[in-house]
Amino acid sequence: MAKYSAPLVLLLSLLLPVLSSAETADQTAIAKSAALIRAGKVQQAETMLRSASAANPNSAPLHGALGELLLKEHNYEESVQEFGLAAQQDPNSGEYNLLLSEALIGWKHYGVAVDFLNAVRSKFGNEPQFHYDLGLAYYNMNKLNEAQKEFQESVHLAPTFDRAEFMLAACFASTGETGKAIEIFRKLTREHPKTAVYWVVLGQVLGKTGGSNGPEAVRAVRKALVLTPDDPHTQFVAATVFVQTEDFASARPLLEHVEKVSPDVLEVHVQLARVYARMGQRELARKETLIANQLQKQRTAETPMVPADQQNGSQQP
Numbered sequence: 000m001a002k003y004s005a006p007l008v009l010l011l012s013l014l015l016p017v018l019s020s021a022e023t024a025d026q027t028a029i030a031k032s033a034a035l036i037r038a039g040k041v042q043q044a045e046t047m048l049r050s051a052s053a054a055n056p057n058s059a060p061l062h063g064a065l066g067e068l069l070l071k072e073h074n075y076e077e078s079v080q081e082f083g084l085a086a087q088q089d090p091n092s093g094e095y096n097l098l099l100s101e102a103l104i105g106w107k108h109y110g111v112a113v114d115f116l117n118a119v120r121s122k123f124g125n126e127p128q129f130h131y132d133l134g135l136a137y138y139n140m141n142k143l144n145e146a147q148k149e150f151q152e153s154v155h156l157a158p159t160f161d162r163a164e165f166m167l168a169a170c171f172a173s174t175g176e177t178g179k180a181i182e183i184f185r186k187l188t189r190e191h192p193k194t195a196v197y198w199v200v201l202g203q204v205l206g207k208t209g210g211s212n213g214p215e216a217v218r219a220v221r222k223a224l225v226l227t228p229d230d231p232h233t234q235f236v237a238a239t240v241f242v243q244t245e246d247f248a249s250a251r252p253l254l255e256h257v258e259k260v261s262p263d264v265l266e267v268h269v270q271l272a273r274v275y276a277r278m279g280q281r282e283l284a285r286k287e288t289l290i291a292n293q294l295q296k297q298r299t300a301e302t303p304m305v306p307a308d309q310q311n312g313s314q315q316p
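For reference, each letter of the sequence shown is one residue, going 0 to 316 in numbering that gives the first Met the number 0.
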């Protein structure tokens, strides 16, 4: 049995309470900040976590908690910094590393996220979330084949991971495999009937196919409207489906509401002009057409010109 000198024993006895006290202080700060967030006092929670992490800069939990708060507030740049610090302190933490990748994606640094995830693949490559995050980065880079493979692997590792299934269906829809996409969206609405976005996208995809899928598309968007009646995106998709099925009376109030909320969205004015025209409201249709034309000119002016030698990804050496 090992014997320790009296000074060493004394040192350990003094050091251990200090470590325990620091950990307790971290846990207390995290718990208090969580309570503040639940009470709607997000700014106070952020101030508390920043103060605590400044006092104990080597605390991975504090940096992680602050990073999560910032991520939820869409402050992606600073959340990247906090998760980076947390991952440095605890490099084997899948939570901090994968949240770092999600913050990078939120910050629209998709290529950096891909490089980072590939660098930590040996540690976290068996995690469904790893492949979901990597797929999401590829999807936003319009690398749909790579994204599809990652989402498929994520679903393979976690068959009930509905967000991965959703993105896999989005890949199918984007690459023309509409039938596969519809089947997954139908499955998601059966398994998660209270998740509005699954109904919205099912209706959207069915509406685009037209024909016999029209009635099902209408049922899907009406279900979404019941779940999120005030959501502008849901209203716009529902109105689009109603226009596709020539139910202009149902589309009109939805589009008029979305126009008030988002007056600079070109597509809203285009659809509204069409609805007014079909309902015989020629002056209103003319007004919306003029607005749409003006917004189209602005969009064209703001779109940067791509040199011919760089189109389709080609570049001179």
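Note that beta-carbon positions come from the ideal geometry of N, C-alpha and C, so glycine has one too.
Note down, in chain order, each residue of its chain lying with its Cβ closer than 6 Å to the Cβ of Gln309, except the 5 sequence neighbours on either side.
Looking up residue 309 in the sequence shown gives position 310. Unreliable positioning characterises Gln309 in this predicted model, as indicated by a pLDDT of 45, which lies under 50. A coordinate reading is not provided.
Expressed to the nearest angstrom, what Euclidean distance is found between the alpha-carbon atoms of Glu94 and Leu35?
Here the question's residue 94 lines up with position 95 in the sequence shown. Here the question's residue 35 lines up with position 36 in the sequence shown. Each residue's alpha carbon lies about 23 Å from the other.
Touching or not, the stretch 220-233 and the stretch 171-187, by the rule of three or more beta carbon pairs under 8 Å?
Touching, no.
Is Val154 near the ligand ZN - that is, is its Cβ less than 7 Å away from at least one heavy atom of it?
The model depicted lacks the ligand ZN and carries no ligand whatsoever.
Less than 8 Å between the beta carbons of Ala284 and Ala276, yes or no?
In the sequence shown, counting from the first residue as 1, residue 284 sits at position 285. In the sequence shown, counting from the first residue as 1, residue 276 sits at position 277. Going by C-beta atoms, Ala284 is nearer than 8 Å to Ala276.
By Cβ distance below 8 Å, which residues in the same chain neighbour Glu245 in space, the five residues on each side in sequence not counted?
Start at 1 with the first residue of the sequence shown, and residue 245 comes out as number 246. Arg277.
Output the boundary residues of the alpha helix (DSSP H) element that contains Asn144.
Start at 1 with the first residue of the sequence shown, and residue 144 comes out as number 145. Run containing Asn144: 143-156, per the alpha helix (DSSP H) assignment.
For the stretch 236-292, list the beta strand (DSSP E) runs that are entirely contained and at least 3 residues long, ordered along the chain.
Those beta strand (DSSP E) runs which fall completely within the stretch 236-292 and span 3+ residues do not exist here.
Looking only at its chain, what residues have a beta carbon closer than 8 Å to the beta carbon of Asn55, apart from the 5 residues adjacent to it on each side?
The residue you call residue 55 lines up with position 56 of the sequence shown. Excluding sequence neighbours, Asn55 sits near Ala21, Ala24, Asp25, Leu61.
Check each candidate in Lys40, Ser58, Gln270 and name the one with the smallest Cα separation from Val286.
As a first step, residue 286 must be located in the sequence shown, where it is residue number 287. In the sequence as presented, Val is not what sits at residue 286; that position holds Lys. Minimum Cα distance to Lys286 is reached at Gln270.
From Tyr137, Gln280, Ala272, Gly39, pick the residue whose C-alpha is nearest to that of Lys107; which is it?
Translated into positions along the sequence shown, residue 107 becomes position 108. It is Tyr137.
Within the same chain, show all residues whose beta-carbon is closer than 7 Å to that of Lys31, passing over the 5 residues directly before and after it, in chain order.
The residue given as residue 31 occupies position 32 in the sequence shown. Only Met47 meet the Cβ criterion.
State the Cα-Cα distance for the pair Gly124 and His130, rounded to the nearest angstrom.
Taking the first residue of the sequence shown as 1, we reach residue 124 at position 125. Taking the first residue of the sequence shown as 1, we reach residue 130 at position 131. Going from the Cα of Gly124 to the Cα of His130 covers about 7 Å.
Do Pro228 and Val257 count as a contact pair if the criterion is CB distance below 8 Å?
Here residue 257 corresponds to residue number 258 of the sequence shown, with the count starting at 1. Here residue 228 corresponds to residue number 229 of the sequence shown, with the count starting at 1. Against a cut-off of 8 Å, the Cβ pair of Pro228 and Val257 comes out as no contact.
Return the CA-CA distance between Lys207 and Ala59, expressed in angstroms with no decimal places.
Translated into the one-based positions of the sequence shown, residue 207 becomes position 208. Translated into the one-based positions of the sequence shown, residue 59 becomes position 60. Spanning the two alpha carbons is a distance of roughly 48 Å.
Taking the alpha carbon of Ser78 as the point to measure from, which residue in Ala172, Leu98, Ala53, Ala195 has its own alpha carbon closest?
Position 79 of the sequence shown holds residue 78. Of the candidates Ala172, Leu98, Ala53, Ala195, the one whose C-alpha sits nearest the C-alpha of Ser78 is Leu98.
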